[in-house]
Amino acid sequence: MNLADYSDSTIAWAVYSVCALMCLIVAWRISGWFSNRLVRQILRIIAAAILMTPAFACGDMGNVDTMAPAFIILVMEFLAKNPEGVMRAAKPLLSITALGVSIAVVASIVRHVTHKPEQDESAS
Numbered sequence: 001m002n003l004a005d006y007s008d009s010t011i012a013w014a015v016y017s018v019c020a021l022m023c024l025i026v027a028w029r030i031s032g033w034f035s036n037r038l039v040r041q042i043l044r045i046i047a048a049a050i051l052m053t054p055a056f057a058c059g060d061m062g063n064v065d066t067m068a069p070a071f072i073i074l075v076m077e078f079l080a081k082n083p084e085g086v087m088r089a090a091k092p093l094l095s096i097t098a099l100g101v102s103i104a105v106v107a108s109i110v111r112h113v114t115h116k117p118e119q120d121e122s123a124s
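Residue numbers for the sequence shown follow UniProt numbering, beginning at 1 and rising by one.
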């Protein structure tokens with residue numbers, strides 16, 4: 001199998017995926033500097049949602065089923081002053097971010113409730 005068998009969009013998504021993974025690794029390292037565990041998790045979730053959420057790139061052509069990263073569509077539609085396009089890209093981006101943050105908050109609450117403080121062995 002050679003490179004000519006793949007479409008341009010497949011190659012573009014592969015390159016984007018590798019670059020997004022590298023950016024996530026950098027975001028993971030940067031967020032590691034925060035001492036609060038919940039803040040670290042939320043920053044990592046937001047970075048992953050921004051980089052990994054796709055959206056439909058319809059444009060003026062109507063029913064085109066091409067997808068692109070949602071934040072890129074959001075920025076380009078904002079620069080083109082197209083509010084419908086901005087909302088089309090913002091919906092999946094905000095949905096995924098809200099879902100991820102809510103899961104992180106619930107997991108943090110469950111961890112806090114089920115965490116048992118360690119007993120001091122010298123006191124007994």
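Think of the CB as a built atom: it goes at the ideal place given N, C-alpha and C, for glycine as much as any other residue.
Cβ separation of residue i and residue j, assumed to be a contact under 8 Å, to the nearest whole Å
i, j, result
"Ala55", "Pro92", "5 Å"
"Arg44", "Ser35", "The pair is not a contact, with the Cβ atoms about 15 Å apart (cut-off 8 Å)."
"Ala49", "Thr114", "So it is not a contact: roughly 27 Å between Cβ atoms."
Rounded straight-line distance, which links the Cα of residue j to that of residue i
i, j, result
"Cys19", "Ile11", "12 Å"
"Gln41", "Tyr16", "23 Å"
"Pro117", "Trp28", "28 Å"
"Pro69", "Leu38", "26 Å"
"Val86", "Val75", "8 Å"
"Ser53", "Val105", "Here residue 53 turns out to be Thr, not Ser, going by the sequence shown. Looking at the two C-alpha atoms, the distance is approximately 20 Å."
"Val101", "Leu94", "10 Å"
"Arg88", "Ser7", "26 Å"
"Ser9", "Trp33", "36 Å"
"Glu84", "Asp65", "17 Å"
Boundaries of the alpha helix (DSSP H) in which residue i is found, first to last residue
i, result
"Ala47", "37–52"
"Pro83", "83–114"
"Ser7", "First-last for Ser7: undefined, no H or E at that position."
Run of the beta strand (DSSP E) containing residue i, from where it starts to where it stops
i, result
"Ala68", "67–69"
Closest by C-alpha distance to residue i, when choosing among the options
i, options, result
"Asn82", "Val105, Ala57, Gly100", "Ala57"
"Ile25", "Leu51, Trp13, Ala14, Ile73", "Leu51"
"Ala90", "Ser102, Val106, Ile72", "Ile72"
"Trp13", "Cys23, Met67, Leu79", "Met67"
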